[in-house]
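Residue numbers (our numbering): 190 to 475. Think of the CB as a built atom: it goes at the ideal place given N, C-alpha and C, for glycine as much as any other residue. Below: one structure, written as structure tokens.
The structure is reproduced here in structure tokens:
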């Protein structure tokens, strides 16, 4: 079957057809998909009824997998992060349960793994069960957002560094969501505010809910700038919203976009997603 790649939005997103992830993928196809990911930042593969093993194998075709942290209750140190509102017994987790509140952090704009010294390069999310309405995922182009900034704003951002932390992100949802072990594994890290993509030389903004403050600035001044840039980057013209269907697989480059989940009646409807992530290619601060 011929592979087709069709743009979904002016600045971000493409739909890929003609790739069957249940089968082995050749090198030429991976090369084409890698180039498409650089171009579109988000790739949608509909109709992929895959096992975890097949998802892991497909992910490894793009590079080394980043294992989940051992203390992560939804990963446990393995390659699959299970993003779900369903417990081990198959029951829906109540919305006010700490497990649901922890997952609510996914509804903040973020780039996966920016709380790590070497942030994650890409993520792949497989939809197992989706609610009948709501629960979409939105993606915002950090490349298009940077390109649209006034020249003087770009100059003012050069050399700025922000602190990122998991604790800062989750405290925006509720206090005391992180276990002590998880806190120890996720101490704050620093990242540049303007990041360069090695493959293309393009500049992108690097902001999101993990970004706490600007190093060397007052907390208030730094957070005001981070808020301004986040609002700029997530304007509608830079955003693609994906409405999930069961067996969709969506892949995105965390260096090129932010994403967030959208609400649904999580006390009534199940939503089960399995995510793999690719290891990063180095720290952003020398």
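- Excluding sequence positions up to five before and after residue 273, its CB lies within less than 6 Å of the CB of 461, all in the same chain and listed in chain order.
- Counting only the Cα atoms, residue 422 lies some 36 Å from residue 215.
- Taken atom to atom, the span from the alpha-carbon of residue 254 to that of residue 442 is near 14 Å.
- According to DSSP, residue pairing for residue 328 in a beta bridge involves 429, 448.
- Residue nearest to residue 322 within the set 466, 458, 467 is 458 (criterion: CA-CA distance).
- Contact annotation: the stretch 303–310 does not touch the stretch 417–436, with fewer than three C-beta pairs closer than 8 Å.
- Residue 400 is a Cβ neighbour of residue 353, given a cutoff of 8 Å.
- Where residue 346 is concerned, there is no enclosing beta strand (DSSP E), although the alpha helix (DSSP H) around it starts and stops at 340–346.
- By the Cβ test, the stretch 384–397 is not in contact with the stretch 191–205, since fewer than three Cβ pairs between them sit closer than 8 Å.
- In the three-state DSSP reduction, residue 256 falls in the coil class, being neither helix nor strand.
- Looking only at 404, 296, 418, 269, the smallest Cα-Cα distance to residue 339 is reached by 418.
- Contact check for residue 327 against residue 451 passes: the beta carbons are separated by less than 8 Å.
- For residue 466, no alpha helix (DSSP H) encloses it; the enclosing beta strand (DSSP E) starts and ends at 461–467.
- A distance below 8 Å separates the beta carbons of residue 335 and residue 392.
- Taking 3 residues as the minimum length, the beta strand (DSSP E) runs contained wholly in the stretch 381–443 are 383–385, 392–394, 400–403, 428–431, 438–442, in order along the chain.
- In this structure, the beta-carbon distance from residue 463 to residue 281 does not fall below 8 Å.
- In this chain, the alpha helix (DSSP H) harbouring residue 248 covers 241–249.
- Straight-line spacing of the CA atoms in residue 449 and residue 218 works out to 29 Å.
- Looking from the CA of residue 206, the closest CA among 212, 192, 213 belongs to 192.
- With respect to the 8 Å criterion, residue 382 and residue 444 are not classified as neighbours on the basis of their beta carbons.
- DSSP places residue 193 in the uninterrupted beta strand (DSSP E) bounded by 193–196.
- Using a Cβ distance threshold of 8 Å, residue 230 and residue 201 count as a contacting pair.
- In the three-state DSSP reduction, residue 307 falls in the coil class, being neither helix nor strand.
- Sixteen is the threshold: when 16 or more other Cβ atoms of the shown chains lie within 10 Å of the Cβ of residue 295, as they do, the residue is buried.
- Residue 276 counts as exposed, since fewer than 16 other C-beta atoms from the protein chains shown sit within 10 angstroms of its C-beta.
- Of the residues assessed, residue 210 falls on the buried side of the cut-off, its CB having 16 or more other CB atoms within 10 angstroms.
- In the three-state reduction of the DSSP assignment, residue 474 falls in the coil class, being assigned neither a helical nor a strand state.
- In this structure, DSSP gives residue 455 a state outside helix and strand, which the three-state scheme calls coil.
- Residue 351 is bridged by DSSP to 380, 403.
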